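I have placed the structure first, in the form of structure tokens, so that the comments after it can refer back to it.
Chains as they are written, first to last, in the numbering used here: chain A, 1 to 503; chain B, 1 to 462.
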């Protein structure tokens, strides 16, 4: 395949230049004023040594980071089929419009009359996301998905504490759940009780019944689950939990495959978090920022983090007086720019959001039937069932027969110009790839990805060493991860760099 | 419904895929959804139909034109202020190789991202005077909450003393985040004379139950805490951690909190090539010194340098992931997954553009304006400086002798001048006060315009 990533041996910013250059120009209009003020500041409060930050010219800095950008791989370069990450294309119109000064230069403490436009967008988003999820009210405060989960777990905590049910300290979480579910539960002060997955790929309802008790505070579930399988017994599960006055929490990371088709609220969920940077196309930024939202049923409305946007009949305002609110989860109003991008996305698509779900599911199953039939590859759970937004295949057989692991296959995909899928997750499937192509991938690219898998698997059986030595077309080959993590050589900043040099 | 953002929605391709799967309708792919759950209507979202790009633009423009900006750069403070975002920063963060990337789990194909984040960590560590900074938290407020929770875990104590001069919304966030962990937040008083942490109140509240003392300098009122070293020493006296929050733009001039002995440093990069964004996104700085126990309990993603297996070249990868949720699940040091990578990148590019020299000069540019504003405000009748004895950086509090704060703010806004926030909503005692902020964007004329307008609005003599 004709993929060659740039391979600049780019020095670190600290080693870029041998001598000081004139950095970014700053005016000196107030230098006298500064001198006067500096003279009043006690010596020990003033910087004793200059920070070790190089003085570089603009062109040096721009070339440096431009070269680094050529050693990154995003959706604009090709498919990023990371399961549960929903790496869809981010439309350019959203990027352009959301960079308007009337968005990026707005101060959070501006008078409300001067921010009616952005408040209206936020208000509409609260309404739209409520309808999409089948909930009654939303807060756009959470700056990312995991913080939305944390908000949900805190709402569950406070709901029970307010009712005096302090013994409700157990959160049920499927073994197949995203890691942030148990982590968020623990941060909210819950014990985490694991629920296994049944062979049909769904939550094991009998196992769930066996751990359900008066101590159960809630269940955190994603539907479709991380195997991409729809939990068909969801209504029964909701009834079981509600029978114990436990709340149902919906992890919205996997919403893309059911948009406009079936809604968490109708399944019996009480609380939902959404990832605007997944389902609603805000870009992932190389790891962030995210955009989150938490939506709840009417009876939990007063628990939402404040503020939420309200319309008082005359204008849009921030509403702070929610009687049972868990409080602020972040300062100001959350990550507003991704909210604006998602607003643009939903505005453009409108009812075609359902097409997003349909085509993402169509694409998933189309790719699955091509990959799952390959030699050494298997679908572990839910044989014969359609998947939704993603699917999971195991390379356990391939590893046994050829010595080529799921990681090796992932690295070989990099060499063929694809980003790798999520690997070794969910934890219930060994040697797996979790694959999500989303609705924004073309048939040609899906076919090419399937062909890449086919080639790699064939190569694994004929010349496994060639797969195991990938990648070679990327900027670097596999790195020494032992050195990276060893207490004696771990190098988290440039201050430690000599540890790597002295050998 | 067809759409250009959904390539396989075109009928021909769609039919081809359906045929390959041996089905007639997409609905068959949802045959495991209980029929009574299927939504029988269209979603009530957007504007009722698919819009073209030019229709979207038109619609957005009409909405966004309801937002207004000041005629001169905003004088509003409160933790974030309007700063200049250099064109070079915008150009770099607009590169879609960067902004359409995912978290760099696949190190080999993401070296550029990883190196940039490693540089961010290193540059911030140098600026804050610590050894280790993570790859970012969501923002300064959540970095603060994570720092407090880390202290609770490390010290196995639940009490966190938070100075009365810390941004009130940061305090709220720490309280919310601490609810499940049983964190007990205790406010230390504000010395109403100096606008700084009340040291005697701090001493009276310190005990062996305290996990950490949290202060901010320059604080919420823009006052430089002259007792920061004493606060750190007091915390250490009871074997508690000291957590110091500072804005990075102050650190070109002021001593780095790490150099003063802070165990944990916190900050927010808004202003470091990151716009106001109506409050978010930004990125939170969280750093520690070289301490095994702190590192074990450190939240968030960390990028490290390592070698290629032949030992010849350096490379970068995510490290110490066994602290994180995708591996440790309920035993993780935080639930954070997505962080604020792009804003961290912006901060790295910004700091690289300015260098130590530019950061010092910019610090002086802001300090000089602050000094000038203070002097001019002193000359205005009918208002007083909130903390006239304090050393200020960037932000300044004022008290209006007779006028109502809201009406002053509104009258000024009518003249295209923005000040704030009014302080009554944060401190009952300050219902007649407001903050103001000056940055490198303000000219002498802007400040004069503010002073003259204040005089006009407040009435009274010149």
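Glycine included, C-beta positions come from ideal geometry on N, C-alpha and C.
Remember, predicted model here, so these are calculated numbers, not experimental data.
One or two residues paired with residue 436(B) in a DSSP bridge: Position 436 of the second chain, counted from the first residue, corresponds to residue 436(B). As computed with DSSP, residue 436(B) is found in a beta bridge with 396(B).
7 Å Cβ cutoff, residue 319(B) in contact with chain A: In the second chain, counting from the first residue as 1, residue 319(B) sits at position 319. At least one chain A Cβ lies under 7 Å of residue 319(B).
Taking 7 Å as the threshold (beta carbon to beta carbon), is residue 235(B) in contact with chain A? Position 235 of the second chain holds residue 235(B). Chain A, which has no Cβ nearer than 7 Å to the Cβ of residue 235(B), makes this no.
Any beta-carbon of chain B closer than 7 Å to the one on residue 141(A)? Walking along the first chain from the start, residue 141(A) turns up at place 141. Chain B, which has no Cβ nearer than 7 Å to the Cβ of residue 141(A), makes this no.
In chain A, which residues lie with their C-beta within 9 Å of the C-beta of residue 98(B)? For the purposes of this step, residue 98(B) is identified with residue 98 of the second chain, where counting begins at 1. For residue 98(B), the chain A residues whose Cβ falls inside 9 Å of its Cβ are 65, 68, 69, 72, 74, 285 and 286, in order along the chain.
What residues of chain B sit near residue 330(A), judged by a beta carbon separation below 8 Å? Along the first chain, read from residue 1 onward, the residue named residue 330(A) stands at position 330. Here the neighbours are 138, 139, 141, 142, 173 and 280.
Distance CB(residue 157(B))-CB(residue 234(B)) smaller than 7 Å: Residue 157(B) sits at position 157 when you count from the first residue of the second chain. Residue 234(B) sits at position 234 when you count from the first residue of the second chain. With respect to the 7 Å criterion, residue 157(B) and residue 234(B) are not classified as neighbours on the basis of their beta carbons.
Please identify the residue among 147(A), 437(A), 491(A) and 296(A) whose C-alpha is closest to the C-alpha of residue 88(A). By 1-based counting over the first chain, the position of residue 88(A) is 88. The residue with the shortest Cα to Cα distance from residue 88(A) is 437(A).
Taking C-alpha atoms, which residue in 431(A), 417(A) and 416(A) lies nearest to residue 423(A)? Locating residue 423(A) in the first chain gives position 423, counting from the first residue. In this structure, 431(A) is the residue among 431(A), 417(A) and 416(A) with its C-alpha nearest to the C-alpha of residue 423(A).
Is residue 406(B) close to chain A, meaning its C-beta is less than 7 Å from at least one C-beta of that chain? As a position in the second chain, residue 406(B) is number 406, starting the count at 1. Taking Cβ atoms only, chain A never reaches closer than 7 Å to residue 406(B), which makes this a no.
Should residue 212(B) be labelled buried (16 or more other beta-carbon atoms within 10 Å of its own) or exposed? What you label residue 212(B) is simply residue 212 of the second chain in a count that begins at 1. So residue 212(B) counts as buried.
Which residues in the same chain as residue 308(B) place their Cβ atom closer than 6 Å to its Cβ, once the five residues preceding and following it in sequence are excluded? Working through the second chain from its first residue, we reach residue 308(B) at position 308. Cβ neighbours of residue 308(B) beyond the five flanking positions: 315.
Quick check on DSSP: helix, strand or coil for residue 12(A)? Here the question's residue 12(A) lines up with position 12 in the first chain. In the structure shown, residue 12(A) falls within a coil segment according to DSSP collapsed to helix, strand and coil.
Residues near residue 260(A) by beta carbon distance below 7 Å, same chain, minus five either side: As a position in the first chain, residue 260(A) is number 260, starting the count at 1. Counting only residues of its own chain and dropping the five nearest sequence neighbours on each side, residue 260(A) has a CB closer than 7 Å to the CB of 353, 354 and 357.
Cβ-Cβ distance between residue 339(B) and residue 301(B) below 7 Å: As a working mapping, residue 339(B) is identified with position 339 in the second chain. As a working mapping, residue 301(B) is identified with position 301 in the second chain. In terms of Cβ geometry, residue 339(B) and residue 301(B) form a close pair [threshold 7 Å].
Do the CB positions of residue 380(A) and residue 394(A) come within less than 7 Å of each other? Here residue 380(A) refers to the residue found at position 380 when the first chain is read from its first residue. Here residue 394(A) refers to the residue found at position 394 when the first chain is read from its first residue. Yes, the pair counts as a contact, with Cβ atoms nearer than the cut-off.
Alpha-carbon to alpha-carbon, residue 138(B) and residue 230(B): To locate residue 230(B), count along the second chain from 1; it is residue 230. To locate residue 138(B), count along the second chain from 1; it is residue 138. Their backbone Cα atoms lie some 30 Å apart in a straight line.
Residue 333(A) classed as buried or exposed, judged by whether at least 16 other C-beta atoms fall within 10 angstroms: Here residue 333(A) refers to the residue found at position 333 of the first chain. Taking every protein chain shown into account, the CB of residue 333(A) has 16 or more other CB atoms within 10 angstroms, so this residue is buried.
Can you have a look at residue 30(A) and say buried or exposed, based on whether 16 or more other CB atoms are within 10 angstroms of its CB? Within the first chain, the letter at position 30 stands for residue 30(A). With 16 or more other Cβ atoms within 10 Å, it is buried.
Considering only the alpha carbon of each residue, which of 290(B), 280(B) and 292(B) lies closest to residue 289(A)? Here residue 289(A) is taken as the residue at index 289 of the first chain, counted from 1. For the residues 290(B), 280(B) and 292(B), the minimum Cα distance to residue 289(A) belongs to 280(B).
By DSSP, does residue 303(B) sit in helix, in strand, or in coil? Here the question's residue 303(B) lines up with position 303 in the second chain. In the three-state DSSP reduction, residue 303(B) falls in the strand class (E or B).
Looking at residue 120(B) and residue 348(B), is the spacing between their C-beta atoms short of 7 Å? Here residue 348(B) refers to the residue found at position 348 of the second chain. Here residue 120(B) refers to the residue found at position 120 of the second chain. The answer is yes: Cβ separation under 7 Å.
Should residue 273(A) be flagged as near chain B, meaning a C-beta pair shorter than 7 Å? Here residue 273(A) corresponds to residue number 273 of the first chain, with the count starting at 1. Chain B has no Cβ within less than 7 Å of the Cβ of residue 273(A).
Count the CB pairs spanning the region 292-301 of chain A and the region 135-154 of chain A that are closer than 8 Å, and state whether there are at least three. When C-beta atoms of the region 292-301 of chain A are compared with those of the region 135-154 of chain A, three or more pairs fall below 8 Å, so the two segments count as touching.
Interface residues of the region 224-252 of chain A facing chain B [CB-CB below 7 Å]: Close to chain B, meaning a Cβ-Cβ distance shorter than 7 Å, are the following residues of the region 224-252 of chain A: 230, 232 and 235.
Within the same chain, show all residues whose beta-carbon is closer than 6 Å to that of residue 271(B), passing over the 5 residues directly before and after it, in chain order. As a working mapping, residue 271(B) is identified with position 271 in the second chain. Excluding its 5 nearest sequence neighbours in each direction, residue 271(B) has C-beta neighbours in its own chain below 6 Å: 83 and 249, listed in chain order.
Residue-level contact to chain A via CB, residue 492(B), 7 Å cutoff: Past the edges of chain B, shown from 1 to 462, lies residue 492(B), and the structure says nothing about it.
Residues of its chain near residue 497(A), where Cβ-Cβ distance is below 7 Å and the 5 sequence neighbours each way are ignored: Within the first chain, numbered from 1, the residue matching residue 497(A) stands at position 497. The residues are 491.
Determine, using beta carbons only, whether residue 98(B) and residue 69(A) come nearer to each other than 7 Å. Sequence index remark: in the second chain, residue 98(B) carries index 98 (1-based). Sequence index remark: in the first chain, residue 69(A) carries index 69 (1-based). The criterion of a C-beta distance shorter than 7 Å is satisfied by residue 98(B) and residue 69(A).
For residue 519(A), which of helix, strand or coil comes out of DSSP? Only positions 1 to 503 of chain A appear in the structure, and residue 519(A) is not among them; the question remains open.
Looking at the ligand FMN, does it come within less than 6 Å of residue 412(A), judged from the CB to the closest heavy atom? The ligand FMN is not among the ligands present in this structure, which contains no ligands whatsoever.
Which same chain residues end up closer than 6 Å to residue 449(B) when comparing Cβ atoms and leaving out the 5 residues on each side of it in sequence? Your numbering for residue 449(B) matches position 449 in the second chain. Excluding residues within five positions, none has a Cβ falling inside 6 Å.
What do you get for residue 320(A), buried or exposed, if any count of 16 or more other CB atoms within 10 angstroms of its CB means buried? Taking the first chain and counting its residues from 1, the one referred to as residue 320(A) is at position 320. Exposed, since its Cβ has fewer than 16 Cβ neighbours within 10 Å.
Going by C-alpha to C-alpha distance, which of 336(A), 152(A) and 440(A) sits closest to residue 359(A)? Looking up residue 359(A) in the first chain gives position 359. Taking only the C-alpha atoms, the option nearest residue 359(A) is 440(A).
When you compare the CB of residue 11(A) with every CB in chain B, is at least one pair closer than 7 Å? Your numbering for residue 11(A) matches position 11 in the first chain. No - not a single Cβ of chain B is within 7 Å of the one on residue 11(A).
Whole angstroms is fine: what's the gap from residue 430(B)'s alpha carbon to residue 423(B)'s? Translated into positions along the second chain, residue 430(B) becomes position 430. Translated into positions along the second chain, residue 423(B) becomes position 423. Each residue's Cα considered, the two are about 6 Å apart.
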